[in-house]
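Counted the way the UniProt record's numbering counts, the sequence shown spans residues 1 to 368. Ideal Cβ positions, reconstructed from N, Cα and C, are used throughout, including at glycine.
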Amino acid sequence: MSQSDQPSVRLRPEIIALPAYKQGKPAQADAFKLSSNENPFDPMPGVIAAVQAETAFNRYPDASALALREQLAAKFGVDSEQVHVGSGSVALLAQLILAAAGPGDEVIYSWRSFEAYPGLVAVAGATSVRVPNRADHGHDLPAMAAAITDRTRVVIICSPNNPTGAIVTADEFHAFMVAVPTDLLVLLDEAYAEFVTDADAVGGSPLLVGYPNLVVLRTFSKAYGLAGLRVGYALGSVAVLNAARSTAIPLSVTGQASAAAIASLAAEPELLGRVGVLVARRDATWRALTLQGWNLPASQANFLWLPTGDETAAAAETLADAGLIVRPFAPEGIRVSIGEDEAMQKLLTVTADIIESLPPEHVARRKD
Ligand SMILES: Cc1ncc(COP(=O)(O)O)c(C=O)c1O
Numbered sequence: 001m002s003q004s005d006q007p008s009v010r011l012r013p014e015i016i017a018l019p020a021y022k023q024g025k026p027a028q029a030d031a032f033k034l035s036s037n038e039n040p041f042d043p044m045p046g047v048i049a050a051v052q053a054e055t056a057f058n059r060y061p062d063a064s065a066l067a068l069r070e071q072l073a074a075k076f077g078v079d080s081e082q083v084h085v086g087s088g089s090v091a092l093l094a095q096l097i098l099a100a101a102g103p104g105d106e107v108i109y110s111w112r113s114f115e116a117y118p119g120l121v122a123v124a125g126a127t128s129v130r131v132p133n134r135a136d137h138g139h140d141l142p143a144m145a146a147a148i149t150d151r152t153r154v155v156i157i158c159s160p161n162n163p164t165g166a167i168v169t170a171d172e173f174h175a176f177m178v179a180v181p182t183d184l185l186v187l188l189d190e191a192y193a194e195f196v197t198d199a200d201a202v203g204g205s206p207l208l209v210g211y212p213n214l215v216v217l218r219t220f221s222k223a224y225g226l227a228g229l230r231v232g233y234a235l236g237s238v239a240v241l242n243a244a245r246s247t248a249i250p251l252s253v254t255g256q257a258s259a260a261a262i263a264s265l266a267a268e269p270e271l272l273g274r275v276g277v278l279v280a281r282r283d284a285t286w287r288a289l290t291l292q293g294w295n296l297p298a299s300q301a302n303f304l305w306l307p308t309g310d311e312t313a314a315a316a317e318t319l320a321d322a323g324l325i326v327r328p329f330a331p332e333g334i335r336v337s338i339g340e341d342e343a344m345q346k347l348l349t350v351t352a353d354i355i356e357s358l359p360p361e362h363v364a365r366r367k368d
């Protein structure tokens, strides 16, 4: 840190130590942005119209986004108080962690997983406990259950997992839930749920009745293409969600965001049709990479994970030089969002060269 970077006021040391939030790199005009798991389809006309119709922004929005909550409650067969809307599911994660964990408390999650988790836990003043992913890049739920102590207040489960794309199965999830204390908050982060095609995958919402300590997090950012408007939701018990409401910054969900989400629910068949296109593109890209000789996990989300290891930074640079902005997590691997068809074709021309350049024993190479 240079002299001018030193804060002149007393700040929390654990906050100063946090790396500043790094967004997926912006893409040059002629490059493809495959670094933030965004939806490459343009917003739907009906959704744009709903946002444009929301003009009374001299007034504050409805603080609890009741109209949207009612729609979501009907969709999931729950009471509207069992739905809590936030400015993105990352805001809900922050609220729930703050509600349950403070200094001296522990929050368990699998690692590597969503890059926001460590920072959110640190901001709450709590301590992260990271349980390594299994060799197949999925969560090791028995190890996560074994990591629970009397200081654990939250366990975060990410399915499909960002950035590896692996799911938690329903069987694994049930076994975990019956093994953990019933007064321990379990957050099931389902940001990519709409992209799941594996019938064995856990689906959180039907399980809420059986597990009052479970909160399911969903978002309109990915499958519904509303990342820039910031709207996500939590499903769970009223008492737990009330605690999240208490830690929330009030009035964060704008009227435009609510209107877009409501219009998106009305347009769900078309939007899920687009998801189907992205899923087919994901699976085709995975197959093509495998044929090139890549050893990469099958993904149930809208991204793929290239385990490039020590070669991560160099490979990401090669991709960037070709006009593909991806998300490197050195020294583990590269997350590539499923984007435009043209972007995927371009990706495959570059990955063919990258895999050839990796040493024969590299983990990213198929051994069969
Ligand atoms: C696993 C996971 N959870 C939550 C989020 C947050 O999404 P948002 O705040 O846009 O709803 C993301 C975004 O990348 C994510 O990957």
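Rank the options by C-alpha distance to the C-alpha of residue i and give the top, closest one.
i, options, result
"Pro250", "Ser87, Leu34, Phe32", "Ser87"
"Asp200", "Ala175, Val168, Val178", "Val168"
"Val279", "Pro118, Ala193, Leu324, Gly232", "Ala193"
"Tyr211", "Phe220, Thr197, Leu187, Phe195", "Leu187"
"Gln71", "Pro360, Ala261, Gln95, Pro7", "Ala261"
"Ala288", "Val121, Val240, Thr349", "Thr349"
"Pro206", "Ala73, Leu34, Ala352", "Ala73"
"Ser159", "Val326, Phe173, Ala267", "Phe173"
"Asp42", "Gly339, Arg365, His362", "Gly339"
"Glu190", "Ala166, Pro40, Leu217, Ala17", "Leu217"
"Ile157", "Val336, Pro142, Ile48, Phe57", "Pro142"
"Thr149", "Val121, Lys346, Val180, Lys33", "Val180"
"Ala227", "Glu38, Leu18, Arg134", "Glu38"
"Leu185", "Arg151, Pro163, Glu332", "Arg151"
"Tyr233", "Ala243, Asn242, Phe220", "Phe220"
"Arg134", "Gln82, Ala49, Pro297", "Pro297"
"Ser91", "Leu120, Ser64, Phe114, Ala175", "Reading off the sequence, residue 91 comes out as Ala, not Ser. For the residues Leu120, Ser64, Phe114, Ala175, the minimum Cα distance to Ala91 belongs to Leu120."
"Ala50", "Ala263, Ala101, Val131", "Ala263"
"Met344", "Ala166, Trp286, Gly276, Arg69", "Trp286"
"Val47", "Ala322, Asp321, Glu361, Glu270", "Glu270"
"Ala101", "Phe57, Asp5, Ala243, Ala145", "Ala243"
"Leu295", "Phe57, Leu229, Pro360, Ala65", "For clarity, residue 295 is Asn in the given sequence; the question names Leu instead. For Asn295, the nearest C-alpha among the options comes from Pro360."
"Tyr109", "Glu81, Val83, Ala145", "Ala145"
Counting contacts by CB-CB distance shorter than 8 angstroms, is residue i in contact with chain D?
i, result
"Val231", "Of the protein chains in this structure there is only one, and it is not chain D."
What does the Cβ neighbour count give for residue i, buried or exposed, with the cut at 16 atoms within 10 Å?
i, result
"Arg112", "buried"
"Val178", "exposed"
"Lys222", "buried"
"Gly225", "buried"
"Ala29", "exposed"
"Ser357", "exposed"
"Ala239", "exposed"
"Ala53", "exposed"
"residue 373", "In this structure the chain extends from 1 to 368, so residue 373 is not present and cannot be described."
"Ser35", "buried"
"Val209", "exposed"
"Ser258", "buried"
"Val277", "exposed"
"Gln256", "buried"
"Ile16", "exposed"
"Pro19", "exposed"
"Pro40", "buried"
"Leu241", "buried"
So, using beta-carbon positions, are residue i and residue j closer together than 8 angstroms?
i, j, result
"Leu98", "Thr318", "no"
"Leu93", "Ala67", "no"
"Arg365", "Ile355", "yes"
"Leu214", "Gly203", "no"
"Leu291", "Ile334", "no"
"Lys367", "Phe32", "no"
"Val155", "Ser128", "no"
"Val253", "Leu304", "no"
"Val231", "Gly309", "no"
"Thr182", "Gln300", "no"
"Glu332", "Thr351", "no"
"Arg153", "Asp105", "yes"
"Phe329", "Pro118", "no"
"Ser114", "Leu235", "Sequence inspection shows Phe at residue 114; the Ser mentioned does not correspond to that position. It is not a contact, given that the beta carbons lie outside the stated cut-off."
"Arg282", "Asn302", "yes"
"Gly125", "Pro103", "yes"
"Met44", "Ala267", "yes"
"Ala56", "Val85", "no"
Residues near ligand 1, criterion Cβ-heavy atom distance below 6 angstroms: Asn37, Gly88, Ser89, Val90, Phe114, Cys158, Asn162, Asp189, Ala191, Thr219, Ser221, Ala227, Gly232
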